[in-house]
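Heads up, the thing below is written out as structure tokens.
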Amino acid sequence: MPVSLVTTITMLAFAANSILCRLALQDGAIDAGSFTALRLVSGGVTLIALHTLVVPKSRRVYQWRFSLKAGLALFGYALCFSIAYLQLSAGTGALLLFGTVQLALLIAHCWQGNAVNRLEWLGLAISVAGFIYLMLPSAQQPDLWSAALMILSGLCWAGFTLLGRQSDNPTSAIAQGFWCASLLCVLLAPWLINLNALTTTGILLALASGCIASAAGYILWYQVVRRLTILQASVAQLSVPAIALIAGSVLLDETLTWRLTMISLLILGGIGLVFIARQRAGT
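Our numbering puts the first residue of the sequence shown at 1, with every later residue one more than the last.
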């Protein structure tokens, strides 16, 4: 499939994770620790099962050091994300998370000696302007502890993204990374899982996030991220809040105005400009 199509599907999966998490936590259907544990363990079981069935034994590559790093990054991202959203508004949380991711990846892009041409800077500026305009009106002064957790979540996700670019076997790497994150959840289960806070709805939402949005989304992300520049990977993820906004209007009855629609198009247009600029540069 074309890189642009796979990237779009992946961003939809990421947005689905946000919607599922909001649905579960805002209604008190489950606590943040239990949601994180069920999400990661169910995603890990799904990925390991698929890996065992699809990948021949002779082609399975075990990269334990790599997998441990990916597992720690994934666990840190998921846990901080869930806890932070207990206090942060949707707009503030998304601004902190994806702003941190973008900044971290842009710094890494420049640190590696990659030049950023004028058209890429223009696309980046357009998407960031639209992103800030989209989020700031609903953003309030955040709780400092929750804000710090969301920033840490963004750093963990940026690390997870950078690790994906180094993998020669994305399917094996992501399965093993999830296995490591799942193992951490099992070891920390007495502190993560609150049985009194579990409901059927909360469990189902966590399982959907783990088995579908996370397992499928992360495999696709590790497949496509090696074919993107760090800058493209950074800017593409700015589309997730816009996608989540549109999905929220349909699934959560949130108001979607023409203004918000145009801002979403502004963000996506900036992303498209970055892709065009890189293709014109021949890389």
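Note that beta-carbon positions come from the ideal geometry of N, C-alpha and C, so glycine has one too. Given the structure is predicted, the values throughout are model-derived calculations rather than measurements.
Within 10 angstroms of the Cβ of residue i, are there 16 or more other Cβ atoms? Answer buried if so, exposed if not.
{"i": "Gln176", "result": "buried"}
{"i": "Ala115", "result": "exposed"}
{"i": "Pro241", "result": "buried"}
{"i": "Trp179", "result": "buried"}
{"i": "Met262", "result": "exposed"}
{"i": "Arg118", "result": "exposed"}
{"i": "Ile19", "result": "buried"}
{"i": "Arg39", "result": "buried"}
{"i": "Leu47", "result": "buried"}
{"i": "Ile151", "result": "buried"}
When DSSP labels each residue in this structure, what does residue i get in the three-state scheme?
{"i": "Gln140", "result": "Because Gln140 carries a pLDDT of 47, less than 50, the predicted location of this residue cannot be relied on, and the following value inherits that uncertainty. Residue state, collapsed to three classes: coil."}
{"i": "Val101", "result": "helix"}
{"i": "Val240", "result": "helix"}
{"i": "Gly210", "result": "helix"}
{"i": "Gly272", "result": "helix"}
{"i": "Tyr77", "result": "helix"}
{"i": "Thr7", "result": "helix"}
{"i": "Tyr218", "result": "helix"}
{"i": "Met150", "result": "helix"}
{"i": "Val225", "result": "helix"}
{"i": "Val116", "result": "coil"}
{"i": "Leu53", "result": "helix"}
{"i": "Thr36", "result": "helix"}
{"i": "Ile126", "result": "helix"}
{"i": "Ile203", "result": "helix"}
{"i": "Ile174", "result": "helix"}
Taking residue i and residue j to be in contact with their CB atoms under 8 Å, please state how far apart those CB atoms are, rounded to whole angstroms.
{"i": "Ser82", "j": "Phe35", "result": "5 Å"}
{"i": "Gln87", "j": "Asp143", "result": "4 Å"}
{"i": "Leu149", "j": "Ala73", "result": "About 15 Å; that fails the 8 Å criterion."}
{"i": "Ala215", "j": "Gly71", "result": "That pair is no contact at about 14 Å."}
{"i": "Leu97", "j": "Ser146", "result": "Contact doesn't hold; Cβ gap of about 11 Å is too wide."}
{"i": "Ala173", "j": "Tyr218", "result": "Wrong, their Cβ atoms sit about 10 Å apart, outside the cutoff."}
{"i": "Ala29", "j": "Leu266", "result": "About 34 Å separates the two Cβ atoms, so there is no contact after all."}
{"i": "Leu198", "j": "Ser42", "result": "Contact doesn't hold; Cβ gap of about 14 Å is too wide."}
{"i": "Ser209", "j": "Cys21", "result": "7 Å"}
What's the C-alpha gap between residue i and residue j?
{"i": "Ile243", "j": "Val186", "result": "32 Å"}
{"i": "Leu103", "j": "Ser234", "result": "8 Å"}
{"i": "Asn196", "j": "Ala125", "result": "47 Å"}
{"i": "Leu25", "j": "Asn17", "result": "12 Å"}
{"i": "Ala32", "j": "Arg280", "result": "44 Å"}
{"i": "Trp121", "j": "Val274", "result": "8 Å"}
{"i": "Trp191", "j": "Phe75", "result": "14 Å"}
{"i": "Asn194", "j": "Thr200", "result": "14 Å"}
{"i": "Leu188", "j": "Gly269", "result": "43 Å"}
{"i": "Phe131", "j": "Ile203", "result": "32 Å"}
{"i": "Trp258", "j": "Ile246", "result": "11 Å"}
{"i": "Ser67", "j": "Leu183", "result": "12 Å"}
{"i": "Tyr85", "j": "Tyr77", "result": "12 Å"}
{"i": "Tyr133", "j": "Ala49", "result": "42 Å"}
Can you name, in chain order, every residue of its own chain whose Cβ lies under 8 Å from the Cβ of residue i, other than the five neighbours on each side?
{"i": "Ile271", "result": "Gly123, Ser127, Val235, Ala236, Leu238, Ser239"}
{"i": "Val224", "result": "Val3, Val6, Thr7, Thr10"}
Which residues in the same chain as residue i place their Cβ atom closer than 7 Å to its Cβ, once the five residues preceding and following it in sequence are excluded?
{"i": "Leu155", "result": "Thr100, Ala104"}
{"i": "Val45", "result": "none"}
Take residue i and list the residues in its own chain whose beta-carbon comes closer than 6 Å to its own, dropping the five residues that flank it on each side.
{"i": "Ile230", "result": "Leu105, Ala108, His109"}
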